Amino acid sequence: MAKCSSEVAVLVVLCLFLVDLTKGEGQKGKCPEDYRYRVETCVMEAQVAPQAGGGLPLITDVNKLEELCERGILQKTIDCLKDLLNRCSENVTQRQELDMLFSVEEWKQGQQLLCEDLNRKLVFKNHFDCVSKFGSKISHCILVRTQNFRKEITTAGIVHHRKLHDITCNFAETIVSCLERPLAHACPIQVVDTMVSALHKFLPPACAPVPTLENPEKRLFPKRQDPLDDPLEPIIFETVIVEGGEAEN
Ligand SMILES: *[C@@H]1O[C@H](CO)[C@@H](O)[C@H](O)[C@H]1NC(C)=O
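When the letters of the sequence shown are read in order and numbered with mature numbering (1 follows the signal peptide of the UniProt record, and there is no 0), they come out as residues -26 to -1, 1 to 223.
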C-alpha cells in the first residue's frame, strides 16, 4: 500500500513536470504580472547589484567569488533574467522597461570579469586580506547611504519618475564609491578595478552615465540623455530598493 501511494506520488510529480514542459514550449511561459518584482528576485540572490546595496559580500566573504562563479550563482541570476526577458519581450512596453532595469549582456560581461580569468581570481584571493580590512568601514558607508536613500525616496514620495530615477541611480553609484574609495588607496589596482568594473555591469542600464561629460566630477551623478525620455511609472525605480545594503556591523 505504501509502495503504491509513493508510486502515485511519483506519477503526479511526473505529470506536473510534463504539463510544465508543454506549457513552457507552447507559449514560452507568459510574462508574469509582477515582472518588475521578479527582476528584483532574480538579482537578489547574487548580492552583487549595487542598487540592491550589493557588492559588500565580495570583500567580506572570502568564499563569495567561488559561490558566484563555481557554484553558479551568477549564472543562475543571468538565466533568471534571460527567462524573464524571453517571456516578456512580446510586449514592447514591458520589454523596454526590462531593458532599462538590466542587460543580460552586461551581466555576462560582469560574470566574465569576475569568473573567467583564473589569474585574476588568484589575485583576488591573494589580496583578500587587504580588501577585507575595509569591510566594516565599507559596510558602514553602505548602511548610511542606504538610510539616506530611503529617506530621500520617502520624502520624494511618488514624484516624477525622473526624480526617482536620479535618486536611485545616484544611490547605486554611491554604493560603488563606498567600495571603491577606501580600497583604491590601499589595495592593488587590478583587484579594485575588476571589482568596480564588474559592479558597474550589474547596474540598471538606465543608470548608465553619458560617455562624455564636460565635468568629470559629475560622473557620479549621471544625467541620462537618452531618447527614452517618456515617463515611466515611478514604480519601476521604487521596486529596485532593497534590503541588501543593510549590513549589521
Ligand atoms: C503591455 O504591457 C503593458 C504594461 O504591463 C500593459 O499595460 C499593456 O496592456 C500590454 N499590451 C499588450 C498589447 O498586451
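For glycine and all other residues, C-beta sits at the position ideal for the given N, C-alpha and C.
Keep in mind it's a predicted model, so treat the numbers as computed, not measured.
Margin query: Following a CB-centred definition, is residue 68 positioned closer than 7 Å to any heavy atom of ligand 1?
Written below: yes
Check: Hey, out of 21, 22, 8 and 112, whose CA is closest to residue 156's CA?
Finding: 112
Next item on the list: Report all residues from its chain with a CB closer than 7 Å to the CB of residue 177; omit the five preceding and five following residues, and keep chain order.
Entry: Within the same chain, Cβ atoms closer than 7 Å to the Cβ of residue 177 are found at 24, 25 and 146, the five residues on either side in sequence being excluded.
Notebook entry, point to check: Short check: CB of residue 74 to CB of residue 6, under 8 Å?
Noted result: no
Margin query: Let me make sure I understand the geometry here. Which of 88, 34 and 4 has the alpha-carbon closest to that of residue 168?
Written below: 88
Next item on the list: Would you kindly check if the distance between the Cβ of residue 149 and the Cβ of residue 241 is under 8 Å?
Entry: No information on residue 241 is available, as it lies outside the stretch -26 to 223 that the chain covers here.
Check: Buried or exposed: residue 45, going by 16 or more other Cβ atoms within 10 Å of its Cβ?
Finding: exposed
Margin query: Between which residues of its own chain and residue 154 is the CB-CB distance below 7 Å, once the five residues before and five after are set aside?
Written below: 166 and 170
Margin query: Using 8 Å as the cut-off, can you tell me whether the region 35 to 50 makes contact with the region 95 to 114, which would need three or more C-beta pairs spanning the two stretches below that distance?
Written below: yes
Notebook entry, point to check: If you run the structure through DSSP and keep just helix, strand and coil, what is residue 94?
Noted result: helix
Check: DSSP state of residue 80, grouped into three classes?
Finding: helix
Check: Can you tell me whether residue 114 is buried or exposed, with buried defined as 16 or more other CB within 10 angstroms of its CB?
Finding: The Cβ neighbour count for residue 114, taken over all protein chains shown within 10 Å, is under 16; the residue is labelled exposed.
Next item on the list: Mind the definition here: the region 10 to 20 touches the region 55 to 63 only if three or more C-beta pairs lie below 8 Å; say whether that holds.
Entry: yes
Note to self: ligand 3 and residue 65: does the residue's C-beta get closer than 7 Å to at least one heavy atom of that ligand?
What the structure shows: Here the bound small molecules are ligand 1; ligand 3 is not part of this structure.
Next item on the list: State buried or exposed for residue 11, treating a residue as buried only when at least 16 other CB atoms are found within 10 Å of its CB.
Entry: exposed
Next item on the list: Could you check if residue 38 is buried or exposed, using at least 16 other CB atoms within 10 Å of its CB as the buried criterion?
Entry: buried
Item checked: Per-residue burial, residue 71 [other beta carbons within 10 Å of its own, 16 or more giving buried] -> buried
Note to self: Could you tell me the alpha carbon to alpha carbon distance between residue 22 and residue 174, rounded to whole angstroms?
What the structure shows: 10 Å
Note to self: With H, G and I counted as helix, E and B as strand and the rest as coil, what does DSSP make of residue 113?
What the structure shows: helix
Notebook entry, point to check: Closest to residue 104 by CA distance: which of 9, 182, 163 and 49 is it?
Noted result: 163
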